[in-house]
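Student:
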Amino acid sequence: MVFLPYLYKWYNSTRMLKKHFWKIVAVVVIILIGASVLYSQQTAERANEGVVIETHVKGNPDALVTLVEYSDFECPACAQFSPYIKELMEEYGNELRFEYRHFPLINIHPNAVPAARAAEAAAQQGKFWEMHDKLFENQTSWTRSSSPSAAFNQYAEELGLDMAKFKLHLNSSTITDSINASFDDARERNFTGTPSFLLNGEKMEFTTFEEFRGAIVSAIEASNAD
47 MVFLPYLYKW YNSTRMLKKH FWKIVAVVVI ILIGASVLYS QQTAERANEG
97 VVIETHVKGN PDALVTLVEY SDFECPACAQ FSPYIKELME EYGNELRFEY
147 RHFPLINIHP NAVPAARAAE AAAQQGKFWE MHDKLFENQT SWTRSSSPSA
197 AFNQYAEELG LDMAKFKLHL NSSTITDSIN ASFDDARERN FTGTPSFLLN
247 GEKMEFTTFE EFRGAIVSAI EASNAD
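The opening position of the sequence shown corresponds to residue 47 in our numbering, with each subsequent residue numbered one higher.
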C-alpha cells in the first residue's frame, strides 16, 4: 500500500486544481489580453514611425492662382475630372498652383478611405501623384472589390515602393487622422459632393468643364494683368 500516500496527494492536488480552475483561467485571459494590447500598441507605433503628412501640390507653389480640389478616389466624377486637370497643369503649370485634398464620401463609397490611405502611404515614399493617377485610371477595377487591398498592393509594386513600409503605413493612425481632418475641413466649407473646388479661396460653381476651365483661365489672365 505504499502507493496510497501518492494517490492521496494526487487526489488533493486535483481537487485543489478544480477549486481554483476559473481563477487560473481568469489570470491566463488577463495575461493574454495584456499581451495583445501591448502588441497592438507596438504595431501602431511602428506604423506611425517616419510618417510625415505633407500638402499635395502640383505646379508653381508660388503662383498667384491656386486651385484646390476636394476629392474622393472612388468618385466617378473625380476620375473624369482627373485628366482635364492634368491638361490644365500641362498648359498653365507655371501660373497655377494645384492642391489635392481628401473628401471621402464614406456613406456611398466604402473603399474611398482605404484608397486615400494607399495614396498617403505611397506619399511617404514620394509617390503620391503616381498612386493618385493609378487609383483614378483603374477606378472601375478596384471599386468593385470587397477588399481592394490586393489592387493597392499591386499598384505599389508597379511603382517600385518598399512593400514592407507601404503595408505598414496603410495602418498608420497619423495618416487616418490627416484624412479625417481633410474631410472635416470640407464639411466645414459646406461641401456635400465631389469633386468640389476652391479657386483662390472661393468655392467654384459650374455646370460644365468648359465653365470650370474658363473660370481658371480668367483668373490666370487677371493675375498676369496685375
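Ideal Cβ positions, reconstructed from N, Cα and C, are used throughout, including at glycine.
These figures come from a predicted structure and were not determined experimentally.
Determine, using beta carbons only, whether Ile99 and Thr220 come nearer to each other than 8 Å.
Tutor: Their beta carbons are under 8 Å apart, which means Ile99 touches Thr220 by this criterion.
Student: Round the Cβ separation of Phe119 and Pro241 to the nearest angstrom and send it over; I've been treating them as touching at under 8 Å.
Tutor: That pair is no contact at about 11 Å.
Student: Please state whether DSSP places Gly105 in a helix, a strand or coil.
Tutor: Strand at Gly105.
Student: Between the alpha carbons of Leu37 and Ala268, how many angstroms are there, rounded?
Tutor: No statement about residue 37 is possible, as the shown extent of the chain runs from 47 to 272 and does not include it.
Student: Please report the straight-line C-alpha distance between Leu205 and Glu176, rounded to a whole angstrom.
Tutor: Distance between the alpha carbons of Leu205 and Glu176: 7 Å.
Student: Going along the chain, which residues of its own chain have a beta-carbon closer than 6 Å to the beta-carbon of Ile225, five neighbours each way excluded?
Tutor: Contacts found: His148, Ala162.
Student: Which residues does DSSP list as the beta-bridge partners of Phe144?
Tutor: Looking at the DSSP assignment, Phe144 forms a beta bridge with Lys104, Leu113.
Student: For Phe243, which of helix, strand or coil comes out of DSSP?
Tutor: Correct three-state label for Phe243: strand.
Student: Determine whether the beta carbon atoms of Val114 and Phe198 lie at a separation below 8 Å.
Tutor: No; because the gap between Cβ atoms is not below 8 Å, this pair is not in contact.
Student: Taking the alpha-carbon positions, what's the Ala261 to Ala210 distance?
Tutor: Their backbone Cα atoms lie some 44 Å apart in a straight line.
Student: Within a Cβ cutoff of 8 Å, which residues of the same chain sit near Asn270, ignoring the five residues on either side of it in sequence?
Tutor: Cβ within range, chain order: Glu141.
Student: Could you check how far apart the C-beta atoms of Leu207 and Lys180 are, in whole angstroms? I think they sit under 8 Å.
Tutor: That belief does not hold up - the Cβ atoms of Leu207 and Lys180 are roughly 11 Å apart, past 8 Å.
Student: Can you tell me whether Asn157 is buried or exposed? The criterion is at least 16 other CB atoms within 10 Å of its CB, across all chains shown.
Tutor: Asn157 should be labelled buried.
Student: Of the residues Ser218, Thr186, Arg190, Ala123, which one's Cα is nearest the Cα of Phe165?
Tutor: A small correction: the amino acid at residue 165 is Ala; Phe does not occupy that position in the sequence shown. The residue with the shortest Cα to Cα distance from Ala165 is Ser218.
Student: State yes or no: is the C-beta of Thr101 within less than 8 Å of the C-beta of Glu145?
Tutor: Yes.
Student: Which of the three DSSP states is assigned to Ile262 in this structure?
Tutor: Helix at Ile262.
Student: Give a yes or no on whether the C-beta atoms belonging to Arg143 and Thr189 are separated by under 8 Å.
Tutor: Cβ atoms of Arg143 and Thr189: not closer than 8 Å.
Student: Out of curiosity, what's the CA-to-CA distance linking Ala232 and Phe252?
Tutor: Whole-angstrom Cα-Cα distance: 18 Å.
Student: So what's Lys132 in DSSP terms, helix, strand or just coil?
Tutor: Note: Lys132 maps to helix in three-state DSSP.
Student: Give me the Cβ distance between Leu134 and Arg259, rounded to the nearest whole Å; I'm assuming they're in contact under 8 Å.
Tutor: At roughly 7 Å, the Cβ-Cβ gap stays under 8 Å, so Leu134 and Arg259 are in contact.
Student: Measuring CB to CB, does Phe212 end up less than 8 Å from Ala167?
Tutor: Yes, the pair counts as a contact, with Cβ atoms nearer than the cut-off.
Student: Which complete beta strand (DSSP E) runs does the stretch 182-212 hold, if anything under 3 residues is left out?
Tutor: As far as the stretch 182-212 is concerned, it has no whole beta strand (DSSP E) run of at least 3 residues.
Student: Taking all protein chains shown into account, do 16 or more other C-beta atoms lie within 10 angstroms of the C-beta of Ile154, making it buried, or fewer, making it exposed?
Tutor: Its Cβ having fewer than 16 others within 10 Å, Ile154 is exposed.
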